[in-house]
Amino acid sequence: MSSIQQNIEQITSQISNAQQKCGRVQESVQLLAVSKTKPNQAILDAALAGQIQFGENYVQEGVDKVSYFSEHHSNLALEWHFIGPIQSNKTRPVAEHFDWVHTVDRAKIAQRLSDQRPSQLPPLQVLIQVNTSGESSKSGIEEHQVFELAALICTLPNLTLRGLMSIPADVPDYASQLHAFKQLAELKQSLSERHPELNLDTLSMGMSGDMEAAIEAGSTMVRIGTAIFGARDYASKA
Numbered sequence: 001m002s003s004i005q006q007n008i009e010q011i012t013s014q015i016s017n018a019q020q021k022c023g024r025v026q027e028s029v030q031l032l033a034v035s036k037t038k039p040n041q042a043i044l045d046a047a048l049a050g051q052i053q054f055g056e057n058y059v060q061e062g063v064d065k066v067s068y069f070s071e072h073h074s075n076l077a078l079e080w081h082f083i084g085p086i087q088s089n090k091t092r093p094v095a096e097h098f099d100w101v102h103t104v105d106r107a108k109i110a111q112r113l114s115d116q117r118p119s120q121l122p123p124l125q126v127l128i129q130v131n132t133s134g135e136s137s138k139s140g141i142e143e144h145q146v147f148e149l150a151a152l153i154c155t156l157p158n159l160t161l162r163g164l165m166s167i168p169a170d171v172p173d174y175a176s177q178l179h180a181f182k183q184l185a186e187l188k189q190s191l192s193e194r195h196p197e198l199n200l201d202t203l204s205m206g207m208s209g210d211m212e213a214a215i216e217a218g219s220t221m222v223r224i225g226t227a228i229f230g231a232r233d234y235a236s237k238a
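Under full-length UniProt numbering, residues 1 to 238 are what the sequence shown spells out, in order.
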């Protein structure tokens, strides 16, 4: 058994235990393997261990990986999520290659993703990124801006709004983590009440250090990278 497979099994067990601890239905939380900076072989090892969903932060690196697996391992039917910030001049490759985008945070990006989505592909599944902590260094819109952006996305033919995403402040104590995640869960509930016609079923929140709090608050997708693939080398991104 590879170390990546062992890591996936361990994290899957942690997710299951967290769900059980807070009374959540088993398998209601999906594992998104964050594979940025990792080689194709590491992704293949994870895929052969049963992992299907992968998250990428860098556009060109992600596009290269999507293309590689589409050409060489199409039988794996991997699902690719873009989870990094998007510049307006990089929307086309994202729209053309990815299945999901977690980081829609302004009207211009949403409009361009819809306009540039190839007609032969299904609508792009998108999440609105919310800056729940108010940190200037974090991407995402303020909570009161969510409703206007959601209303716009609902009018775009090649996007399907699925929910919200956030990266809250890095705090060590469980209570503070839980409070931040509950903010996003409550916001999604308000958005669902305003748009009952939408299937807003996704809350992308929680990483290795705050996964349990995120699951208790209602996360449906946790983003885990280093705990699966090991430490990253960012030298190539400098």
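We put the beta carbon where it would ideally sit given N, CA and C, even for glycine. Every value quoted in this text rests on a predicted model; they were computed, and no experiment measured them.
Return the first residue and the last residue of the alpha helix (DSSP H) that residue i is part of.
i: Thr202; result: Here Thr202 belongs to no alpha helix (DSSP H); instead the beta strand (DSSP E) covers Thr202 to Ser204.
i: Val222; result: It is not in any alpha helix (DSSP H) - Val222 instead sits in the beta strand (DSSP E) that spans Met221 to Ile224.
i: Thr12; result: Ser3 to Lys21
i: Leu149; result: Val146 to Thr155
i: Lys90; result: That residue, Lys90, is in no alpha helix (DSSP H); it is neither H nor E in DSSP.
i: Val63; result: Val59 to His72
i: Gln26; result: Element bounds for Gln26: n/a, residue is neither H nor E.
i: Arg112; result: Ala107 to Gln116
i: Asn40; result: Asn40 to Leu48
i: Leu187; result: Tyr174 to Arg194
Measure the alpha-carbon distance for residue i versus residue j and round it to whole angstroms.
i: Ala238; j: Thr37; result: With a pLDDT of only 42 at Ala238, under the threshold of 50, the placement of this residue in the model should not be trusted; the figure read from the coordinates follows. Cα to Cα, Ala238 sits roughly 12 angstroms from Thr37.
i: Pro172; j: Gln5; result: 28 angstroms
i: Glu187; j: Ala175; result: The displayed chain sequence assigns Leu, not Glu, to residue 187. Straight-line Cα distance between these residues: approximately 19 angstroms.
i: Phe147; j: Val104; result: 13 angstroms
i: Ile224; j: Gln10; result: 12 angstroms
i: Met205; j: Ile141; result: 15 angstroms
i: Gly218; j: Ser3; result: 29 angstroms
i: Ala214; j: Arg24; result: 12 angstroms
i: Ala46; j: Pro39; result: 11 angstroms
i: Ala107; j: Gln145; result: 11 angstroms
i: Gln41; j: Val59; result: 19 angstroms
Between which two residues does the beta strand (DSSP E) carrying residue i extend?
i: Leu78; result: Careful: Leu78 lies outside any beta strand (DSSP E) and carries neither H nor E.
i: Ala33; result: Gln30 to Val34
i: residue 245; result: Within the shown structure, residues of the chain are numbered from 1 to 238, placing residue 245 beyond reach of any answer.
i: Gly163; result: Leu159 to Met165
Mind checking whether residue i and residue j have CB atoms under 9 angstroms apart?
i: His102; j: Cys154; result: no
i: Leu164; j: Ile109; result: no
i: Val29; j: Met221; result: yes
i: Glu69; j: Ile43; result: Correcting the residue type first, residue 69 is Phe in the shown sequence and not Glu. Yes, they are a contact pair.
i: Asp210; j: Gln183; result: no
i: Ala33; j: Phe229; result: yes
i: Pro118; j: Glu96; result: yes
i: Leu159; j: Ser114; result: yes
i: Asn57; j: Ala227; result: no
Leaving out five residues before and five after residue i in sequence, what residues of the same chain have Cβ atoms less than 7 angstroms from its Cβ?
i: Lys138; result: Asn131 and Ile167
i: Arg92; result: Gln116
In chain order, what residues of the same chain have a beta carbon less than 8 angstroms from the beta carbon of residue i, not counting five sequence neighbours either side?
i: Ile52; result: Leu76, Ala77, Leu78 and Glu79
i: Gln26; result: Ser16, Gln19 and Gln20
i: Arg162; result: Trp100, Gln125, Val126, Leu127, Asn199, Leu200, Asp201 and Thr202
Per DSSP, what are the beta-bridge partners of residue i in this structure?
i: Ile141; result: Val130
i: Met211; result: DSSP, once it has assigned bridges, lists no residue as partnering Met211.
i: Gln53; result: Glu79
i: Ala231; result: Beta-bridge pairing links Ala231 to no other residue.
i: Leu124; result: Leu159
Using a Cβ cut-off of 9 angstroms (strictly closer), state whether residue i contacts chain C.
i: Asp115; result: No chain C appears in this structure, which consists of one protein chain only.
Whose C-beta lies closer than 6 angstroms to the C-beta of residue i among residues of the same chain, with five residues either side of it excluded?
i: Ser35; result: Ile43 and Phe54
i: Phe98; result: Trp80 and Phe82
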